[in-house]
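In our numbering, the protein residues as written are 21 to 217. The beta carbon of each residue, even a glycine, is placed where N, CA and C say it ideally should be. Comments concern the structure below.
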Amino acid sequence: MPGVAGILFALAQLLVSSPAPPAAPVANPADVFQFPLPTWPPHCLGFGSQWRYCDGTALRSCASGAVWLHTGVDIASGIQPIRAAGDGVIVGYMIDPTFHGGVLIRHRMTTGVVITQYWHVWLRSGFHVGSVVQRGQVIADVASMGSRTHFHFAVFKGDMESHAWNGALPPSACSGFPAFPYKFVNPTTFIQSHMRA
């Protein structure tokens, strides 16, 4: 009959040679998104709509006369805080004399990189290109555009490039721009499919 030491040795060998149970998959926080505003509708301009101000004024067209198509959604809004849609890093901030501030946030998801686009906003103090942001963190405020005040939000599936800034694209390639939708996806559908269950 083996002694206590022999039994303990045998058990230790068994435990060492037994494979560890597989670890539970760790959720990637960058895979979870939320809407950047507390209320989402009404959209004055939807994804794929002709690119016009909320009052109907066309913004850009090709030489053929085809009106460019909207890469995101425009929310008629007063001046209010804008939240980061997901965890990421600010990779772009520009100021345009017509459209005011634009912000791009890069999100490294399990399935690849996504850029969220925020137009007609002013970045809040303390934020700049390179700032790490968390989902739900207030990063900006809607900019006043008088009677045309609104917020534009888009989702670009791919890494940072110049076209990630586009608020609209032509229905067929023109003026050096790719045809809609290029790498843009419906932002409402994207957020809804990536919200925490």
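Per-residue burial, residue i [other beta carbons within 10 Å of its own, 16 or more giving buried]
| i | result |
| --- | --- |
| V149 | exposed |
| V46 | In this prediction, V46 has a pLDDT of 48, which is less than 50 and means its spatial position is unreliable; what the coordinates show is noted afterwards. Looking at its Cβ environment, which holds fewer than 16 other Cβ atoms inside 10 Å, V46 is exposed. |
| A44 | The pLDDT assigned to A44 is 46, lower than 50, so where the model puts this residue is not dependable; a value taken from the coordinates is nonetheless given after this. Exposed: under 16 other Cβ atoms inside 10 Å. |
| V152 | exposed |
| A188 | buried |
| D94 | buried |
| Q137 | buried |
| A104 | buried |
| N48 | exposed |
| I211 | buried |
Check whether residue i and residue j have beta carbons under 8 angstroms apart
| i | j | result |
| --- | --- | --- |
| R155 | G92 | no |
| I135 | A184 | yes |
| F173 | P207 | yes |
| V175 | T169 | no |
| A160 | G121 | yes |
| F67 | H90 | yes |
| F197 | P191 | no |
Limits of the beta strand (DSSP E) - the one that residue i falls within
| i | result |
| --- | --- |
| T136 | G132 to L143 |
| F173 | H170 to K177 |
| M114 | G108 to D116 |
Where residue i falls: helix, strand or coil (DSSP)
| i | result |
| --- | --- |
| P49 | helix |
| S195 | coil |
| F200 | coil |
| A160 | strand |
| A188 | strand |
| G85 | coil |
| Q212 | helix |
| G121 | strand |
| N206 | coil |
| I27 | Residue placement at I27 is poorly supported in this model, since its pLDDT is 45, which falls under 50; the coordinates still yield a value, given next. Helix. |
| H183 | helix |
| G76 | coil |
| G166 | helix |
| V149 | coil |
| R155 | coil |
| G92 | strand |
For residue i, the first and last residue of its enclosing alpha helix (DSSP H)
| i | result |
| --- | --- |
| I99 | Careful: I99 lies outside any alpha helix (DSSP H) and carries neither H nor E. |
| P62 | Looking at the DSSP string, P62 is not in any alpha helix (DSSP H), and its letter there is neither H nor E. |
Presumed contact (8 angstroms Cβ cut-off) between residue i and residue j, rounded CB distance
| i | j | result |
| --- | --- | --- |
| M180 | F53 | About 18 angstroms; that fails the 8 angstroms criterion. |
| D51 | M129 | 5 angstroms |
| I102 | V111 | Not confirmed; about 16 angstroms, so no contact. |
| G178 | V133 | 7 angstroms |
| V123 | R144 | Not a contact, Cβ separation roughly 10 angstroms. |
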